[in-house]
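Colleague: Just so we're aligned, residue 29 is where the sequence shown starts under our numbering, counting upward by one.
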Amino acid sequence: MKKNVLIVGAGGVGHVVAHKCAQNNDVLGDIHIASRTRAKAEAIVDSVHAKGSLKTGGRLLAHGLDALDVERTAALIRETKSAIVINVGSAFLNMSVLSACLATGAAYIDTAIHEDPLKICETPPWYGNYEWKRQAECASAGVTAILGAGFDPGVVNAYARLAQDDYFDKIDSIDIVDINAGDHGRYFATNFDPEINFREFTGQVWSWQKGRWTSNKMFEVGKEWDLPVVGKRTAYLTGHDEIHSLSKNLDVPDVRFWMGFGERYITVFNVLKNLGLLSEQPVRTAEGQEVIPLKVVKAVLPDPSSLAPGYAGKTCIGDVVKGVKDGKAREVFIYNVADHAEAFAEVGSQAISYTAGVPAVAAALLVATGAWDVRKMVNVEELAPKPFLALLDRMGLPTRIKDAEGDRPLRFAEPARETAQADPVPAA
């Protein structure tokens, strides 16, 4: 058993992670929340107590931390005796936090790919630019590092693996579709860190088609999808983390990611981009001040965590998988629907943060109990999906499937609390 968790990051996802860790502190032990702005971590501690989220008595403490400082991060891991680190800070922190885990032996979990603040949309596969270069270090140190354990990436990776294991002999395509049909009531806002949000869309759109990387421009390719609960919605071909691991690990010729956007978002995005306000490169004002346009835009937009009160509507995120089973063509949609109001009632967050944060805690529980404590670096699709999906069902993110047999929930038995090794990805 691994006990005690250090959460790095006190944004909207960190808020959810803290509440969900608290709800499972009988397994996870002490909970520590670290942020560069300590007051933000303290506010989350107060929120957990206000909601009564702690399942049992235990420590729940806030810390100030610059997670780019590897030595200080390692020192905090040691001071708190944390065996698991859940990194939900900025994507710029991943390699520093991973280094601290390697120095201390703590398990590492993140929800998004590492980014260099001076580079946008690097050459694919993105994991090959940073994370996968450190696979040997993790294996040598016996450190478990689970990459992209949010919803997308994360749960959608597990859906893809489940499809390969149980529903197909051969997969021809995986289309990940992410629709937020909610309304936060603001003229314009992003549902997670505006800087990271815009960086995803200002460069090339990389997808994996016909067994090779294909490039498009943002909003160049759109498609209408008819999905459960949210109905018909237009989504656009978009670059995203999970394409870069699924294309390698599952050996599927077509892997694409589609995200829904409203007309207002597209209009504002295009204006900001065309004016140069989404640039990550510094500019100098007439007064001699050096500023980064993208950071200025981030500063004037609403904090994503402030959107939660009054956020109405639902999300629908899942995998449309096509292929062959028993010699016949088959198509399935494995998905989840989350409700913004329900997320707020439970933990005080909106559903985008909820869907990203809950899976990271499910992964931590599987590491703590041994099922996913594989002592090497892996992406989620390299691990057995059913224990993960079973926990998500209990924790508020149930899985459904829609296929020729109808639309129905999927149920899985929760894993026993004993040590188990990684479940290798089967040959395609």
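Every residue gets a Cβ at the ideal spot worked out from N, C-alpha and C, and that includes glycine.
What does DSSP give as the partner residues of P437 in its beta bridges?
Modeller: R428
Colleague: How about E165 and N157: do their beta carbons lie closer than 8 Å?
Modeller: no
Colleague: Can you check which of these residues, A134, A396, V183, is closest to G170 by C-alpha distance?
Modeller: Of A134, A396, V183, the residue nearest in Cα terms is A134.
Colleague: Measuring CB to CB, does K182 end up less than 8 Å from W234?
Modeller: With the sequence shown as reference, residue 182 is identified as Gly, and Lys is not the correct amino acid for it. No. Outside cutoff.
Colleague: Out of G259, Q232, V395, E359, state which residue places its alpha-carbon closest to the alpha-carbon of D200.
Modeller: E359
Colleague: For L306, name the three-state secondary structure that DSSP assigns.
Modeller: coil
Colleague: Nearest CA to the CA of L419: which residue from A441, D435, V408, L411?
Modeller: When C-alpha distances from L419 are compared across A441, D435, V408, L411, the shortest belongs to A441.
Colleague: From G92, D421, L306, pick the residue whose C-alpha is nearest to that of A327; which is it?
Modeller: L306
Colleague: Distance, Cα to Cα, N32 vs T139?
Modeller: So the alpha carbons of these two residues sit roughly 19 Å apart.
Colleague: I need the DSSP call for Q237, collapsed to helix, strand or coil.
Modeller: strand
Colleague: Please go through the same chain and pick out, in chain order, the residues whose beta-carbon is closer than 8 Å to the beta-carbon of T313, but skip the five residues on each side of it.
Modeller: V319
Colleague: DSSP has V283 in a bridge; who is on the other side?
Modeller: I202, W236
Colleague: Assuming F179 is part of the alpha helix (DSSP H), what are its boundary residues?
Modeller: Neither: F179 is in no alpha helix (DSSP H) and is coded neither H nor E.
Colleague: Taking Cβ positions, are I207 and G288 nearer each other than 8 Å?
Modeller: Contact flag set, yes.
Colleague: Check whether the segment 297-305 touches the segment 188-202, taking contact to mean three or more Cβ pairs, one atom from each stretch, closer than 8 Å.
Modeller: No: fewer than three Cβ pairs fall under 8 Å.
Colleague: In the DSSP assignment, find the unbroken beta strand (DSSP E) run with V457 in it and report its ends.
Modeller: With the chain covering 29 to 456 only, the question about residue 457 has no answer from this structure.
Colleague: Please look up how many angstroms separate the CB atoms of V44 and G385, rounded, as I've assumed it's under 8 Å.
Modeller: Contact holds; Cβ gap of about 3 Å.
Colleague: Cα separation between D367 and V41?
Modeller: 16 Å
Colleague: Does the contact criterion of 3 or more C-beta pairs under 8 Å hold for the segment 267-286 versus the segment 407-418?
Modeller: Look at the beta carbons and you see the segment 267-286 touching the segment 407-418: at least three pairs across the two are nearer than 8 Å.
Colleague: By the 10 Å Cβ neighbour count, where 16 or more other Cβ atoms means buried, how is A78 classified, buried or exposed?
Modeller: exposed
Colleague: Between which residues of its own chain and P152 is the CB-CB distance below 6 Å, once the five residues before and five after are set aside?
Modeller: Only W234, W241, H272 meet the Cβ criterion.
Colleague: If you follow the beta strand (DSSP E) that Y264 is part of, which residue opens it and which one closes it?
Modeller: Residues 259-265.
Colleague: List, from N- to C-terminal side, the beta strand (DSSP E) runs of 3 residues or more that fit wholly inside the segment 283-365.
Modeller: 342-353
Colleague: Taking 7 Å as the line, does the beta carbon of S307 fall inside it for any heavy atom of the ligand ZN?
Modeller: Ligands in the displayed structure: none, and consequently the ligand ZN is not present.
Colleague: For the candidate residues H212, A167, D197, whose alpha-carbon lies nearest to that of D331?
Modeller: H212
Colleague: Are there 16 or more other CB atoms within 10 angstroms of the CB of T343, so buried, or fewer, so exposed?
Modeller: buried
Colleague: Can you give the Cα-Cα distance for A103 and V73, rounded to whole angstroms?
Modeller: 21 Å
Colleague: With H, G and I counted as helix, E and B as strand and the rest as coil, what does DSSP make of G156?
Modeller: helix
Colleague: Report the three-state DSSP secondary structure of M405 (helix, strand or coil).
Modeller: strand
Colleague: Report the CB separation of I61 from A392 in whole angstroms; it is logged as a contact under 8 Å.
Modeller: With 8 Å as the limit, I61 and A392 do not qualify as a contact, their Cβ atoms being about 14 Å apart.
Colleague: Would you call N298 buried or exposed, if buried means 16 or more other Cβ atoms sit within 10 Å of its Cβ?
Modeller: exposed
Colleague: Would you check if the distance between the CB atom of K30 and the CB atom of V258 is smaller than 8 Å?
Modeller: No, the Cβ-Cβ distance between K30 and V258 is not below 8 Å.
Colleague: Within a Cβ cutoff of 6 Å, which residues of the same chain sit near G231, ignoring the five residues on either side of it in sequence?
Modeller: I148, C149
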